[in-house]
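Quick note on numbering that gives the first Met the number 0: the sequence shown kicks off at 0 and runs consecutively.
All C-beta atoms, glycine included, are put in the ideal place defined by N, C-alpha and C.
Structure first, then comments.
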Amino acid sequence: MLRRPLFIAVVLVPNILALVYFGLIATPVYTSTATLIVLNPKQNGPSLSSLLSGASGDSSEQGGYILREYFRSWDAFRRVEKSMKLADNFSLADPVSRFGGVATMFRTSDLALWRYFQKQVDVDIEQKSGIVTVNVNAYDPGYANGLARQLLAQAIAHMDAMNAQQQGDVVRSAAQRKQAIEAALQRDLAALAQFRNQTGTYDPKQLYQSNLELMNSLALKAAELKSQRDAIARATPNNPQADNLDTATQSVRGDLASTARSFPEMARSSSRYEKLLVSRDTNITLLGQANQALQQAQASAEQNRYYLNVISNPSEPRTPEKPYRLAWIAGTLLASLLLWALLR
0 MLRRPLFIAV VLVPNILALV YFGLIATPVY TSTATLIVLN PKQNGPSLSS
50 LLSGASGDSS EQGGYILREY FRSWDAFRRV EKSMKLADNF SLADPVSRFG
100 GVATMFRTSD LALWRYFQKQ VDVDIEQKSG IVTVNVNAYD PGYANGLARQ
150 LLAQAIAHMD AMNAQQQGDV VRSAAQRKQA IEAALQRDLA ALAQFRNQTG
200 TYDPKQLYQS NLELMNSLAL KAAELKSQRD AIARATPNNP QADNLDTATQ
250 SVRGDLASTA RSFPEMARSS SRYEKLLVSR DTNITLLGQA NQALQQAQAS
300 AEQNRYYLNV ISNPSEPRTP EKPYRLAWIA GTLLASLLLW ALLR
């Protein structure tokens, strides 16, 4: 049976290669593990259904996915590429699994290094609790721990930057709007003060109303005097009192005409004053709305803030976790025997 070509090709050769590679050549892989959770306590708390199912009631799972995408991102890769000398350290493995070897189809570009880096960083998210487990693989235990720590520090900085950007974009716009309205309100108040200083009148509307009442009073007075004068003139045509009443009537009519001449200027002044008041009152209303909008923006920014809490810091393993030598050898043997049984 050992001399049959099919058995040699399907069973003997693959198992010899598996024994040689996994038994003698394969480089040990060390895994540094850290656990953390991303919280957003300002968002809605757990619902009854989530509590009964054991699912997390906050945004831990969502924050975990954000964290996973960051660990796999080009930005995270570029931040550690040179400082951690990824290419040099990932090239320390055997020809099959190392960077620049069979695992990358012998490619050594930055894109190939990024893809290789993504395979060495595994992020697992527990659906119910939202706890994130980060596993960083490397060919040296100290290097695996150092890379995991640097990635974790950058993740915390990234979350802080996201929070700052969220708060900056939303709150800054609302604050600028409030400042613009405050400046406009100050201009309105200054214009009102200047108007009152120039006219010597605090409220032209009150003066206008006062003069209107005065005109009505003078008109009634003039009519009353004229009525008295006419009555006396009819009763006693040569009575001197009629001349006195006539003089008084002319005086009242003069005051009435003088008051009436001031009305056009008072109307223009009152119109200007009304415009200033409307502008001031409008900006006061807008300022109240802007204050409310700013408070809502601050609350929204706080609601969208994520907090990264480290449950356990990256470990520094003493023994390698991979490759699973016995599992690969046994799996190769089983697969080759099954294939041989089907083909013979």
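The alpha carbon of GLN294 has as its nearest neighbour, out of LYS177, LYS274, SER269, ASP74, the alpha carbon of LYS177.
Nearest in C-alpha terms to ALA174, of all of ARG3, GLN291, LEU66, is GLN291. The alpha-carbon of LEU110 is positioned some 38 Å away from that of SER172. At least 9 Å separates the beta-carbon of ALA154 from that of SER31. By the criterion of a C-beta distance shorter than 6 Å, ARG324 is surrounded in its chain by PHE21, once the five residues flanking it on both sides are discounted. The alpha-carbon separation between ALA156 and TYR305 amounts to approximately 12 Å. Less than 9 Å separates the beta-carbon of LEU224 from that of ALA247.
Secondary structure of ASN312 (DSSP, three-state): coil. Non-local beta-carbon contacts of GLN240 in its own chain, meaning distances under 8 Å to residues more than five positions away in sequence, involve ILE231 in chain order. Cβ neighbours of ARG343 within its own chain (closer than 7 Å, five residues either side excluded): LEU5.
Straight across, the Cα-Cα distance linking ALA334 with ILE7 is about 14 Å. Here the C-alpha atom of TYR115 lies approximately 7 Å from the C-alpha atom of THR103.
In this chain, the alpha helix (DSSP H) harbouring ILE15 covers 12-19.
With a cutoff of 9 Å on beta-carbon distance, PRO140 and GLU315 are scored as near each other. If you look at THR318, you'll find it isn't in any alpha helix (DSSP H); DSSP assigns it neither H nor E. In this structure, the alpha-carbon of LEU151 lies about 36 Å from that of ALA17. Straight-line measurement puts the Cα of ASP123 at about 15 Å from the Cα of SER311. THR34 is bridged by DSSP to THR132, SER311. Restricting attention to ALA163, ALA86, VAL120, ILE130, the CA atom closest to the CA of GLN297 is found in ALA163. Contact between ILE15 and ASP93 does not hold, since the beta-carbon distance rounds to 17 Å and is not under 8 Å.
In the DSSP assignment, VAL79 falls within the alpha helix (DSSP H) that extends over 73-80.
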